[in-house]
Amino acid sequence: MSLKALHIVFVGASVVLMAFLCGWAYLAYRETQATDYLVWSLCSAASVVGLIAYGRFVLRKLRHISFL
Amino acid sequence: MEIPYTYKARPDTGLYNAKVGIWLFLASEIMLFGALFSAYILLRVTAPAGFWPDLALAWPRGLLNIPIGTFNTAVLITSSVTVVLAWASLKMNNFARFRVYMVMTVVCALAFLGIKSFEYNDKFSHYVVRLKDGKSLTGHIEVDGRHPRFWNFDDQWSVAKLTEKKIEKIKVEVDPPRDINGHVKKHEGHGSDAHPAQEVAVSDIESMGSYTPATHPFFAVYFLITALHGLHVLVGALVLAYFAFPGAKMWKSNPEQFINRIEVGGLFWHFVDLVWIFLFPVVYLL
């Protein structure tokens with residue numbers, strides 16, 4: 001597995017983590033009504049979108065490099 | 069005789085030697101961290117219901133600083149992006165850009181370690197003080213006008229040591245009320261009352277301990293995993309810094325092998341970052 005392939009796996013894992021963080025912060029917001037958690041949840045959601053866009057960019061940019 | 073496949077891929081496997089080597093090494097690392105994660109999860113799920121320090125054997129909640137942990141996660145994700153950009157720059161024959169991205173990666177690694185040591189320092193000066201009347205206080209302590217520091221083990225205090233040094237009173241900066249995630253509750257912890265200092269007579273203390281491995285299994289396993297991970301970050305940063313400066317001579321003599329070295333270094337770096345991606349939610353959030 002090349003660095004390109006592992007990087008794609010890493011970006012995928014980061015997307016899952018940020019989605020989890022988004023859900024976690026939202027649940028904490030519902031429980032405590034503290035706006036910090038809501039901001040946190042929205043920032044995490046934005047990170048999910050940003051990381052997916054970045055992953056697509058990497059796949060396009062490094063398309064000539066093998067996954068092996 | 070020249071060693072084959074040091075930089076050319078072996079035709080039947082499509083891999084060069086170092087790539088096989090690093091994946092075997094990473095397999096052993098996965099087993100090491102896997103065992104530690106298993107230990108953490110088993111200790112966590114078998115702990116009695118309730119929360120430490122109210123219940124001595126229960127698991128603590130909300131003791132770690134989640135915003136700092138989140139920031140450190142962002143730092144490591146950034147470092148993985150820059151290490152890939154460094155490798156891609158070499159593939160595109162742009163050495164100057166490679167060096168810039170590599171230096172950025174090392175700076176991210178050092179930032180991560182700096183932030184982590186700040187967190188460690190906070191834990192080493194944070195105490196749980198159990199009083200003889202059954203109450204317990206948590207907060208940073210001050211002994212003889214000084215806060216304990218994590219690099220000085222003489223600063224770690226117990227009731228026996230306080231008695232031996234003939235210290236009669238200590239100050240405890242009592243933690244403000246927090247929610248279950250460790251977040252300071254609004255209107256209860258801001259301003260001058262955020263850390264009300266309370267003087268406690270040593271004769272009233274039943275036992276005390278800092279947020280260190282001897283105090284609770286959570287701290288033992290937390291420090292073990294995060295310190296081992298920090299050691300990997302440090303070693304990775306040293307290797308990448310070597311590639312950026314003294315080791316970069318190879319770019320002139322054998323560029324193909326140099327690119328392979330950066331790829332192998334990048335694989336190790338991604339592994340270290342992936343460990344954190346699992347570590348952060350398990351230890352900080354759950």
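Protein chains in written order, with my numbering: chain A, 1 to 68; chain B, 69 to 354. Quick reminder that beta carbons are idealized off the backbone N, C-alpha and C, glycines included. This structure is a prediction, so every number in the text was calculated from the model and none was measured.
- At the C-beta level, G277/B and V307/B stay beyond 9 angstroms of one another.
- Contact between G213/B and D243/B fails: their C-beta atoms lie close to 20 angstroms from each other, not under 8 angstroms.
- In summary, M160/B is exposed, with fewer than 16 beta-carbon neighbours lying within 10 Å of its beta-carbon over all protein chains present.
- Among the CB atoms of chain B, one or more fall inside 9 angstroms of the CB of S66/A.
- By alpha-carbon distance to D247/B, the top candidate from V9/A, G12/A, A25/A, V16/A is A25/A.
- Assignment of F339/B by DSSP, reduced to helix, strand and coil, places it in the helix class.
- Taking every protein chain shown into account, the CB of G304/B has 16 or more other CB atoms within 10 angstroms, so this residue is buried.
- Bounds of any beta strand (DSSP E) do not take in Y84/B, whose DSSP letter is neither H nor E.
- L6/A and Y310/B have their alpha carbons spaced roughly 22 angstroms apart.
- Nearest C-alpha to S275/B among G82/B, I136/B, W319/B, P121/B: P121/B.
- P128/B is bridged by DSSP to W120/B.
- With fewer than 16 other Cβ atoms inside 10 Å of its own Cβ, L92/B counts as exposed.
- The alpha-carbon of Q266/B is positioned some 29 angstroms away from that of Y290/B.
- Taking all protein chains in view, the Cβ of D201/B is surrounded by fewer than 16 other Cβ atoms within 10 Å, so the residue is classified as exposed.
- Listed along chain B, no residue sits closer than 8 angstroms to L38/A by beta-carbon distance, the nearest being about 12 angstroms off.
- Taking a cut-off of 8 angstroms for Cβ pairs, the region 316–335 of chain B and the region 281–289 of chain B do not touch, as fewer than three such pairs fall below it.
- Here the alpha carbon of T35/A sits roughly 18 angstroms from the alpha carbon of L353/B.
- Between I183/B and V151/B, the C-beta spacing is not below 9 angstroms.
- Contact between the region 126–144 of chain B and the region 173–183 of chain B is present: three or more C-beta pairs spanning the two stretches fall below 8 angstroms.
- W127/B is not a Cβ neighbour of I327/B, given a cutoff of 9 angstroms.
- In this structure, A77/B and Y84/B form a Cβ contact; the two beta carbons are roughly 5 angstroms apart against a cut-off of 8 angstroms.
- Interface residue (Cβ-Cβ distance to chain A less than 9 angstroms): G304/B is not classified as such.
- Proximity of the region 100–107 of chain B to the region 227–235 of chain B falls short of the contact definition, fewer than three beta-carbon pairs being nearer than 8 angstroms.
- In this structure, DSSP gives M160/B a state outside helix and strand, which the three-state scheme calls coil.
- For Y54/A, there is no enclosing beta strand (DSSP E); the residue is found in the alpha helix (DSSP H) stretching over 35–61.
- Neighbourhood of A179/B in chain A, by CB distance below 9 angstroms: empty, with the nearest CB roughly 18 angstroms away.
- Put simply, the CB of H338/B is near chain A, with a gap under 9 angstroms to one of its CB atoms.
- Under the criterion of beta carbons closer than 8 angstroms, F101/B and V350/B do not qualify as touching, at roughly 11 angstroms.
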